[in-house]
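Structure first, commentary second.
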Amino acid sequence: MSGKLWGGRFQKSAEQWVDEFGASIGFDQQLVTEDLEGSIAHVTMLGETGILDQDEVSTIKDGLEQLKVKAQNNELTFSVANEDIHLNLEKMLIDLVGPVGGKLHTGRSRNDQVATDMHLFLKKRVKEVVELIAKFQETIVDQAVANIDTLAPGYTHLQRAQPISFAHHLMTYFWMLERDKERFSESLKRIDISPLGAGALAGTTFPIDREMSAKLMGFSSVYQNSMDAVSDRDFIVEFLSNSSLLMAHLSRFAEEIILWSSEEFKFIELDDAFSTGSSIMPQKKNPDMAELIRGKAGRVYGNLMGLLTVLKGIPLAYNKDMQEDKEGMFDTLHTIVGALKIFEGMIRTMTVEKETLNKAVHQDFSNATELADYLATKGMPFREAHAVTGKLVFLCIQRGIYLLDLPLEDLQEASNLIEADVYDVLAPEAAVKRRHSLGGTGFDQVIIQIEKAKEKLSVTKQTI
Ligand code: ARG
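Quick note on our numbering: the sequence shown kicks off at -12 and runs consecutively.
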């Protein structure tokens, strides 16, 4: 009566607007390839186990293959009346091959079907994300290699702290991304599991072979509990969580790009291709892309919070609430892929203003620690050395000069441990160079760090 594939027990149909509210086809059509892939594996297994005969299987498979081609050519027309991607495709199959198409759903439910689609979808996409992260890391390494001896002020509290190699600063983001990449890669083992064959929740009476369909789809294992299989959305939460942390990193980097490209810093210049102008102020060149990435982090966090909240109170097993797992996931994927591509291009094409950076470290007190360390090396307790240096900094501020401009007499008046060699020690290059401690900003350490980073990248290349 209702005209739905599941309409047998219904006496009347829902109104169009009710159907629209319940439908997911508007967004789950993005699962079209995965849904067909899952169906092909399922029907193959139904044939191999003798649940369907081979004629039926080949008719159904043939129909599914035709739908696959149509999907690739964008020739499928989906309808809200058929609710979601699963029912849309099943209806199309029946229209194409006749009532035998109705046998495809033997021993299967949309509950295990949708879970299967999501696993297949994320498995493919997470690998692509890992590749994109690796590509971005390569670009960071390239910029770092070009800037090993570019001096830059290192900050804490956004106050000049100590001079560093600009490469060292850039490489920090390499390591954040390395952890992101690791997290996405590690999550694959929880994505790479087949829920197919769990049925609605309890398994099925048909003599199916879950291992076989899993293998046909390329999954490494199967869920051991049918109820877990249809109700688990942890892998999507994990994807959103990994994406959130990735966006946190990109957002921090974006913030630095925005600062660095400002008139106040002028440490870098962004390529025109990644900047925009103002509709009223002709002089403006805005770092819009970096700002957008910073802003989009909020959306991704929102998607994570959204799904966690959806899941927190739903009883086992499948509940329609779970349909809400999709939009946030698609949106997040779209966002992180875009953000990674844009960021890579932005960093690859930016100009590092080496001279401005170099000048900056010569016009600040970021070498004050050097003086304190110098005194401490000569035997003065560090606390005392700190105080002596602080007084000299104050003296400079009063005179409007920097430590390197102080005459030796003034320095010696503060402490007779100071000798003429102090000027070499206070040079920013020397300050960077001397930081040989493992992982420090010393040029030699930065070179070692970059080598290690390259090793990591070649490991990624072997694994993806
Ligand atoms: N569109 C549904 C979803 O995305 C598919 C599963 C529907 N299952 C059901 N029994 N209503 O979750």
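Don't be surprised by glycine CBs; every beta carbon is placed ideally from N, CA and C.
- Remark: C-beta atoms of M309 and V324 do not approach each other more closely than 9 angstroms.
- Around Q436, the same chain offers H155, M158 and G426 as residues with beta carbons nearer than 8 angstroms, after the five sequence neighbours per side are excluded.
- With a cut-off of 8 angstroms, the C-beta of Y305 is classified as near ligand 1, since at least one heavy atom of the ligand falls inside that distance.
- Contact between T343 and K283 does not hold, since their C-beta atoms are separated by about 29 angstroms, which reaches or exceeds 8 angstroms.
- DSSP places A241 inside the alpha helix (DSSP H), whose first and last residues are D221 to W247.
- Here N61 is exposed, its C-beta having fewer than 16 other C-beta atoms within 10 Å.
- Secondary structure at T428: coil, using DSSP grouped into helix, strand and coil.
- Taken through DSSP and simplified to helix, strand or coil, R112 comes out as helix.
- In the three-state reduction of the DSSP assignment, I334 falls in the helix class, which pools H, G and I.
- In the structure shown, Y305 falls within a coil segment according to DSSP collapsed to helix, strand and coil.
- When DSSP states are grouped into helix, strand and coil, A139 belongs to the strand group.
- When secondary structure is reduced to three states using DSSP, P394 falls in the coil class, being assigned neither helix nor strand.
- In this structure Y210 is not in contact with I178, their Cβ atoms being roughly 12 angstroms apart against a cut-off of 8 angstroms.
- Burial is judged here by how many other beta carbons sit within 10 angstroms of a residue's own beta carbon; A189 has fewer than 16 and is exposed.
- Ranked by Cα distance from D392, the options D411, L404, G89 and E77 are led by D411.
- Only residues of its own chain outside the window of five on either side were considered, and among them I27, V30 and T31 have a CB closer than 8 angstroms to the CB of K48, listed in chain order.
- Looking at the DSSP output, R147 bridges to Y142.
- Distance from the CA atom of I244 to the CA atom of I329, rounded to whole angstroms, is 13 angstroms.
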